[in-house]
Structure formats: structure tokens, C-alpha cells
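First the structure, in the form of C-alpha cells, and then the observations on it.
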Amino acid sequence: MASTSISVSAAESPAFSFSASTFQKLHPVEFFRKFISQGVRPDGRLLEGFRPTTVHKNVVSTANGSAMVRIGGTTVICGVKAEVAEPKMDSPNQGYLVPNVELSPMCSSSFRPGPPSEQAQAVSEAINRVLKESKVLDLTDLCIEEGKAVWALWADVSCVSYDGNIYDAALLSVMTALSDVRIRKPTYNEGIIKVSGAEILDDENSFTLNLARTPLSATFSLFDSSMALLADANAAEEAICQGEISVTLDEKGQICALSKVGAASSSQTLLRQCIATARTRTDELRSIIRSQ
Amino acid sequence: MARLDTTRTSAHQLRPFSSSQNLLNRADGSAQFDFGGSSVLCSVVGPAEVKLRDEKLNKATLEVIVRPLVGLPGVKDKACERAIRETLEPIVISALHPRTLVQIVVQTMKDNGSILSTALNAAIMALLDAGIPLNSIIGSVTCIIDSKTNEILLDPTTEEIARAKSTHVFVFDNKSSIPSSTSASMDVDISNDDDGSPRPLFSESTGLFTEEEYLECVNISFKACQAVHGFIRTAVSKKIEKEHQQTQA
Amino acid sequence: MDRKRVPGPELTVPPLVEYALDQKRWSPQEECRHDANRQPEDLRPIYLKTGLISQASGSAYIELEKTKIACGVYGPRPIKKSGYGFSGTGTLNCEFKFATFACVKRRNHIRDPQERELSMILTQALTPAVRLELLPKSAIDVYITVLECDGLSSCFAAAITAASVALAHAGIEMIDLVAACSASYVIMDRTLSSAVPPPSTTSDSAPAAVSLRPPTIIMDADLEEEKFEEGSIMVAYMPSLNEVTHVLQNGKVDRSIVSQSVEHCIEACNKIYAVMRHALVESIDEKQTR
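Protein chains in written order, with my numbering: chain A, 10 to 301; chain B, 117 to 365; chain C, 258 to 547.
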């Protein structure tokens with residue numbers, strides 16, 4: 010790509026040309042628009058093309074459940090750790106499921122050290138809402154002794170490499186890690202919770218989570234006033250897009266969350282198109298998880 | 117079918133809304149918007165000096181701060197801030213005030229459901245009051261699908277939200293009938309034609325629902341939003357008339 | 258309370274683990290190491306790869322069986338903070354962080370004192386190798402995330418190795434790579450194949466509290482072995498210059514054992530150096546084929 014050159018010449022002005030990469034640096038939006046008008050993207054994808062995605066389960070043995078997800082250049086690892094906590098007063102038999110996404114300065118130069126950025130908080134909250142509102146896990150399953158002790162599941166997502174579309178990657182990793190969770194069966198005796206230290210875990214000495222559904226998502230970015238839909242935008246594309254449509258679906262095709270933020274108003278045809286594409290994409294993701 | 121909120125008789129009835137502008141004399145603009153028992157006060161300062169870090173060379177920086185009813189702001193409020201900011205960014209003609217800051221502070225006064233919608237309506241009225249250039253006016257409503265009756269209820273109360281199967285927040289602007297902008301430079305209109313249907317500017321839905329249910333919510337909310345638009349228009353024109361009379365006197 | 262994250266319970270504790278009486282668990286009384294196939298001087302196989310983080314100037318990922326570490330390098334970039342004034346040389350900032358799920362007990366998102374100390378040591382171990390004098394007014398940021406930790410000092414040594422490879426991958430001028438390796442002193446019931454000489458009798462220190470047996474030097478100990486260690490040592494070393502940049506030693510052992518274990522570590526560092534070189538050559542090959 011770097012060797013090709015684009016000549017920017019209006020009919021009357023003297024022609025001048027420079028390399029494509031220089032053009033991209035000078036006018037990122039115009040550079041991008043040239044591609045979009047031809048129906049392709051700088052990385053060679055079609056507008057509705059998603060990046061290659063891989064999912065690996067059980068990658069961290071210190072966690073009760075874990076998953077590594079790669080969507081193109083974005084890599085996230087989710088580790089779910091089960092620890093014991095006191096239940097809330099008003100829900101004595103309910104455990105906790107706490108998802109958090111960490112966008113450390115390691116994964117991209119656009120993140121600063123310190124407390125989580127607005128973006129990290131918004132993604133964490135979005136995942137938290139999906140888990141809660143679409144009733145993914147019955148929290149009473151996490152009860153050890155009513156009013157005394159429950160399991161708290163910390164589902165922490167650590168972003169290793171950031172290249173856009175963190176919501177899809179993080180949700181996919183959280184759901185895969187939750188399906189991978191295995192917790193040793195606890196015994197409660199006068200305030201002390203013990204688990205067996207057996208090396209091999211089976212259904213006799215441990216349990217898995219009973220997930221009611223597996224919501225997975227597809228995110229589209231909206232470019233320009235023309236509202237061109239770009240599936241699974243990378244970091245460079247995200248930076249020049251004004252809006253986003255994100256559709257989260259469960260395995261039965263029910264919508265678990267849908268959000269449209271920013272850019273101009275979108276027609277229902279566009280929304281329908283997003284839902285339809287999201288349907289094929291999440292089906293594809295499900296078969297990737299299953300093949301694991 | 118009776119609603120949990122017994123003050124209303126129909127599912128598509130909004131609570132009485134009211135507003136007052138220019139409440140705070142130290143801010144450039146302010147407004148309070150009430151949806152029945154929910155009330156949000158919003159102030160706008162700007163265009164003002166911007167921190168070097170946030171400065172944008174070609175447009176104004178929009179900053180939204182959300183303050184909850186009790187306690188300190190948490191992740192939920194941050195997510196709200198982001199939603200409000202990203203909705204207002206395309207509405208404010210920010211290119212007219214480059215390298216400045218427009219700060220919007222949203223304070224919940226009373227919470228009885230539909231808070232995000234109330235906040236968005238308060239924010240647009242405060243922006244109008246501050247005289248910030250806008251390219252359109254937005255109106256927002258919330259609706260839910262009841263888990264027992266499967267009915268779409270508009271403008272739900274906290275009690276009704278607790279029983280909801282899904283919750284939907286919508287924003288519509290008042291130029292919905294105008295076809296999507298015809299960018300002269302490019303002819304890249306990719307299947308985003310105007311189909312004449314209601315066009316949500318912002319939509320946030322959680323819970324469990326089908327595509328048909330969602331699109332029905334869009335249509336019902338769109339009609340309700342017309343009432344909000346009308347209300348904002350009347351409120352603003354009344355205020356301007358009053359100010360005009362005062363200056364005449 | 259942390260308001261910038263989804264709130265969970267204030268306090269959570271890992272459950273107590275109860276082992277069955279007849280359960281076989283490794284202890285130094287056994288004849289072999291925790292991994293029976295390893296001799297005391299054997300390292301775990303190393304997997305080292307560069308270019309994992311697409312947005313970073315340079316990056317490296319290292320895996321020692323269960324231990325997994327990712328490292329990203331950004332820079333050199335201008336120092337943004339104004340208060341620093343002019344600096345004739347560049348600065349190297351290292352940030353070392355465990356992922357919350359990396360250890361047996363859950364770690365907090367906020368850096369704890371241990372992580373802060375390790376960050377500082379990391380800076381000290383790497384700085385001698387980097388030609389900071391060529392980079393006035395700039396900063397290089399090295400971020401390390403431990404995804405899984407199986408043995409603390411070996412994990413830290415691996416972090417240094419990965420960081421120096423990531424620096425090289427970022428194209429930052431260095432006088433040499435820094436390889437690091439750790440060793441633990443474990444009193445084994447039966448002396449393993451590599452015999453350790455008896456503690457030097459010439460030592461004029463008080464003979465009080467002498468342990469019955471001399472400890473065995475176990476290279477690259479994992480978490481199980483670390484539980485029984487008397488102490489440990491970590492050596493950061495520049496192989497082609499034959500210079501040590503950092504030594505971190507703890508625990509009470511005879512000085513002859515310390516000097517011997519430094520030798521062992523340096524030997525191991527030379528082996529690690531070959532792996533590092535291989536990873537870097539591979540990254541250049543990849544660039545060329547692209």
C-alpha cells in the first residue's frame with residue numbers, strides 16, 4: 010500500500026502527488042472516504058466484513074474460568090475468579106457477578122495510566138447491564154449459606170492489545186469465560202467455608218454455571234453523513250466515525266441489548282439491516298465457540 | 117388494562133410534563149424538566165475557555181457531567197454522560213466556536229423513572245436557553261414492555277420499570293422528515309435511503325425483546341416525541357415573547 | 258470504594274482449601290522437583306514472541322509453561338508534563354501490573370506497593386542497557402501485565418526478559434539485551450543430582466541456627482516449589498557484555514551458595530539469550546516477508 014501513490018488533482022490546479030501513507034496522515038477522513046466510495050476499507054475488508062476472530066477457553070489456570078478472544082488486532086483476556094463474600098442484606102441468597110473491563114496503557118497509546126477512562130467505564134457498565142437485564146445467570150445459584158456467605162464472581166477483562174470494537178471482544182470473552190467456570194463445591198461450617206483441594210475436578214466435587222443464555226454482540230460504526238455502515242471497526246476507523254450501532258443477541262435470536270449512539274438519525278431500514286447482519290455474525294461466533 | 121401508575125388510564129399516556137428555563141443566574145443557560153415525579157435540573161456554561169488537553173482545533177468541546185440524586189457519581193452516571201454527550205454532539209453546531217468548551221451539568225432532582233429521557237430534554241432546553249447554536253431540537257421518551265401483559269408502556273415510573281421485560285430510551289430530532297443529508301461531494305449513499313419511517317437519533321434498549329417489538333417501540337415513541345417537541349417549542353416561544361415584552365416595557 | 262468500576266462486594270476472600278489426608282502433594286521430601294522431568298538446573302521451556310500488541314511501538318509476549326506475561330513499549334515520545342523542565346537524557350518508565358486473576362488470591366485493579374516496588378526494580382534492571390543519552394526530552398514507557406503467575410521471582414525475571422525484547426522490537430537503541438533468571442534455595446530431603454558443596458567452614462560468621470542440610474539451588478522455581486524455599490535470587494544480566502545489571506536476593510543462605518547461584522543464573526541467562534535472539538530475528542523475518 011505504501012508504494013502506491015494517489016494523485017490529488019483537480020482538473021485546473023497543477024497535479025501533485027504523494028504516497029498513500031502521507032495522504033492518510035494528512036487527511037485521514039478524505040483518505041477513508043476514497044475507500045468507502047469504492048465499497049472497500051483500507052485493510053481490504055468489505056464494509057460489512059468482520060475481522061477474523063478466534064476464541065480460546067481455559068487459558069489461565071489461576072482463574073476459575075477464562076477465555077482469550079482475538080478480533081483482528083484486538084486481544085482481550087477474561088478471567089473469572091470466584092471468591093466468598095457476604096450477601097447483601099436485602100438479597101440474602103443472591104451472589105454477585107461483577108464484570109469490569111480494564112483498558113490499560115499497555116494495550117494502546119490512547120489510554121493513560123490511572124483510573125479507568127470514560128470508555129472503559131461505559132463498556133463495563135454496558136456488559137453489566139446485559140448480564141443483569143437479560144438474566145444470564147440466576148444469582149441464587151451462587152448462594153453458599155443464606156444470609157451468611159455467597160460466591161462473588163469477578164469477571165475481569167484485561168485488554169492486551171487494542172484495535173477497536175472492545176465491546177464485542179469483551180462481551181465474547183466474558184460469556185466464554187463464564188461458560189468455562191468451574192467452582193469447587195463448598196461446605197459451610199460455623200462461618201468457615203471450605204472446598205476440597207482435589208487435583209482433578211469433576212461433577213462430584215465441583216459445579217459449573219447454569220447460564221440461561223449467551224448474549225453476543227455485533228457492533229457497526231457509522232461513517233460520514235452518508236451513514237455508511239462499517240462492521241467491526243478497528244481503532245483508526247473508530248477515530249473518524251461519529252456513531253455506533255451495537256446489537257446484542259442471544260442464541261434464540263432475541264435481542265438482549267441494542268444501542269445507537271451519535272451520528273445522525275438512522276432509518277429503520279438501517280436498523281433492520283444491522284439486526285440481520287448481527288444475527289449472522291453472532292451465529293458465526295457461536296460456532297467458533299462450539300468448535301473450541 | 118390498568119397501569120401500575122394509577123394516575124394514568126392509557127398505556128401510551130405520558131405523565132404531565134413541565135419545564136422552566138433560566139433558573140440559575142450564574143450559568144449561561146439552565147432549565148428544569150419534569151416528567152411527572154421525575155425532575156432534572158440542567159445548566160450550561162459556554163462557550164468558555166477549554167483546558168488545553170481537551171481542546172479541539174476545529175470545533176467546540178462538549179463536556180457533560182451527570183450528578184446522581186444521592187451519593188457520588190459512579191459507572192452508571194459515566195455511561196449516562198457518554199450517552200448524552202454523543203447524542204448532543206451532532207446537534208450542537210460546534211464548528212462555530214472552535215477551541216472552546218460547552219459544559220453541561222445534569223443534576224437529578226427527583227427520580228421516578230425515565231431519568232435519562234428527562235435529562236436529555238432538560239439538556240436541550242438548557243442549551244436553547246444558553247443560546248448555543250443548534251441544528252435541530254431533540255425530544256426524548258422512555259418506554260418499557262411489561263413482563264406480565266407484554267404491553268408497551270410509555271414514560272414508565274420506577275415501579276413499572278422494575279416489572280419491565282425490556283426498557284427502551286429513544287431520542288428523535290425535529291427534522292425527521294428531511295431526507296438524509298445529500299453530501300454533494302460524495303455519492304456514497306449506501307442503502308441508507310430515507311424510508312419514511314421514524315428515524316431515532318439515539319436508542320438504548322436492554323432486556324429481552326424481539327425485532328418487531330423493538331420497531332413497534334420506535335413507532336410509538338416517535339409519536340410521543342412529537343408531543344415533547346411541541347412542548348419545547350411552545351415553552352421556548354412563550355419565554356421569548358415574555359422577554360420581548362419585558363424589554364419593550 | 259472504587260467508583261470508577263462496576264461495584265462488587267467490599268470484601269471477598271478465597272475459600273479455605275482442604276486436602277484429603279491421602280492426597281498426594283509435592284513436597285521437598287520427594288526425590289524429584291515439582292515437575293518430575295526437570296533437574297534442579299533445568300529451566301522451563303520458553304515461548305517468546307514479538308509484535309503481539311498492534312498499537313505499541315514494540316511488544317513481546319513470554320510464556321514459561323503456566324506463567325504468561327505481555328509487555329508493550331511506547332516511545333520514545335515527548336515528555337508531556339510541563340513541570341519536568343529540560344532533560345538531556347531520556348527517561349525510562351516501567352509499570353508492572355498483575356492482572357486481577359493472575360495469582361491464587363485475587364488482586365486489586367489499583368497497583369499495590371509490591372507492584373510499585375517491582376516496577377522500580379524493573380526500571381533499574383533495564384536502564385543500564387538502554388542508550389537514553391540519545392533521547393533527550395523524551396520518555397519510553399514500558400507496560401507489563403502478568404496474565405498468569407506461576408512462581409513470583411521467576412515471573413519477575415521473565416518480565417525483565419520480555420521487556421528488553423520489547424524494547425529491541427520497538428527499535429530503541431540498546432547496548433545489549435537484558436536476560437534475567439531466578440533461582441530458589443530449597444532444602445531437599447535427598448540431595449538431587451547436582452550436589453551442592455557443604456557450607457564453607459571458613460565463614461567466620463556465627464554458626465547459630467545452621468540448617469541441617471545445605472539447600473539445593475533450584476533454577477526457575479514454580480509456585481509449588483517457591484512455597485518451600487528458604488530464599489531466592491534473581492539476576493539480570495547482559496550476556497554479550499558479560500555484565501550484571503541487577504541482583505535481587507532474599508533469604509538467609511551461605512555466601513558460597515549465593516555466589517554459586519549467581520553463576521548458575523548467568524549460565525541460564527546465556528541460554529535465555531539464545532531464545533531472545535531467535536525471537537528478534539524471527540520478527541525481522543516476518544517484517545521482510547510482509
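By construction, the Cβ of each residue, glycine as well, lies at the ideal position given by its N, Cα and C atoms. All figures in this text were calculated on a predicted structure; none of them were measured in a lab.
- Of the candidates His291(C), Asp259(C), Ala415(C), the residue whose Cα lies closest to the Cα of Lys484(C) is His291(C).
- If you check the CB distance, Ile268(B) and Glu332(B) come in under 8 Å.
- Annotation: the stretch 86–161 of chain A contains the following complete segments of the beta strand (DSSP E) (minimum length 3 residues), in chain order: 105–111, 152–154.
- For Val399(C), the secondary structure class from DSSP, reduced to helix, strand or coil, is strand.
- One Cα belongs to Ala242(B), the other to Ser395(C), and the distance between them is close to 44 Å.
- Residues of the stretch 272–299 of chain A with a C-beta atom less than 8 Å from some C-beta of chain B are Ala272, Ala273, Ser274, Ser275, Ser276, Gln277, Thr278, Leu279, Leu280, Arg281, Gln282, Ile284, listed in chain order.
- The alpha carbon of Leu231(A) has as its nearest neighbour, out of Leu181(A), Glu247(A), Leu220(A), Gly262(A), the alpha carbon of Glu247(A).
- The CB of Pro264(C) comes closer than 8 Å to the CB of Gly190, Val191 in chain B, given here in chain order.
- When Cβ-Cβ separations below 8 Å define contact, Ala248(A) makes no contact with chain C.
- C-alpha of Arg119(B) to C-alpha of Arg131(B): approximately 12 Å in a straight line.
- Between the beta-carbon of Ala239(B) and that of Val218(B) there is about 11 Å, and that puts the pair past the 8 Å contact cut.
- Secondary structure at Pro195(A): strand, using DSSP grouped into helix, strand and coil.
- With respect to the 8 Å criterion, Ser182(A) and Ile86(A) are classified as neighbours on the basis of their beta carbons.
- At a cut-off of 8 Å between C-beta atoms, Arg260(C) counts as an interface residue with respect to chain B.
- In this structure, the CA atom of Lys358(B) is about 21 Å from the CA atom of Val344(B).
- Taking 8 Å as the CB threshold, Ala396(C) stays off the interface with chain A.
- Inter-segment contact for the stretch 309–327 of chain C and the stretch 364–384 of chain C is absent: fewer than three beta-carbon pairs are separated by less than 8 Å.
- Here His503(C) is buried, its C-beta having at least 16 other C-beta atoms within 10 Å.
- Nearest neighbour of Ile417(C) by Cα position, chosen from Thr384(C), Glu430(C), Ile432(C), Pro335(C), turns out to be Thr384(C).
- Listed in chain order, the non-local C-beta contacts of Val510(C) below 7 Å within the same chain comprise Tyr442, Pro472, Glu487, Gly488, local neighbours out to five positions each way being set aside.
- In this structure the stretch 231–240 of chain A touches the stretch 34–46 of chain A; the number of beta carbon pairs closer than 8 Å is three or more.
- At a Cβ-Cβ threshold of 8 Å, Phe318(B) and Thr203(B) count as neighbours.
- Among the bridge pairs identified by DSSP, Leu294(A) is matched with none.
- Think of a sphere of 7 Å around the beta carbon of Ala266(A): the chain B residues whose beta carbon falls inside it are Ser321, Thr322, in chain order.
- Chain C has a Cβ within less than 8 Å of the Cβ of Asn137(A).
- By the rule that beta-carbons nearer than 8 Å mark a contact, Ala164(A) does not touch chain B.
- With a 10 Å radius around the Cβ and a threshold of 16 neighbouring Cβ atoms, Asp177(A) comes out buried.
- In the structure shown, Ala235(B) adopts helical secondary structure according to DSSP, grouped into three states.
- Contact with chain A is found for Val361(C), since one of that chain's Cβ atoms lies less than 8 Å from the residue's Cβ.
- Contact check between the stretch 110–128 of chain A and the stretch 155–170 of chain A: three or more CB pairs, one atom from each, fall below 8 Å, which counts as touching.
- Counting only runs of at least 3 residues, the stretch 366–426 of chain C fully encloses the following beta strand (DSSP E) elements, listed from N- to C-terminal order: 395–405.
- Counting C-beta pairs with one atom in each stretch, the stretch 321–328 of chain B and the stretch 250–266 of chain A have three or more that are closer than 8 Å, which means they touch.
- Excluding five sequence positions before and after Pro393(C), the CB atoms of its chain that fall closer than 7 Å to its own CB belong to Ser344, Gly345, Thr346, Gly347, given in chain order.
- Between the alpha carbons of His65(A) and Ser313(B) lies a distance of about 42 Å.
- If the five residues before and after Leu250(B) are omitted, its C-beta is found closer than 8 Å to the C-beta atoms of Ile207, Val208, Ile209, Ile240, Leu243, Leu244, all from its own chain and listed in chain order.
- In the displayed model, Gly74(A) falls within a strand according to three-state DSSP.
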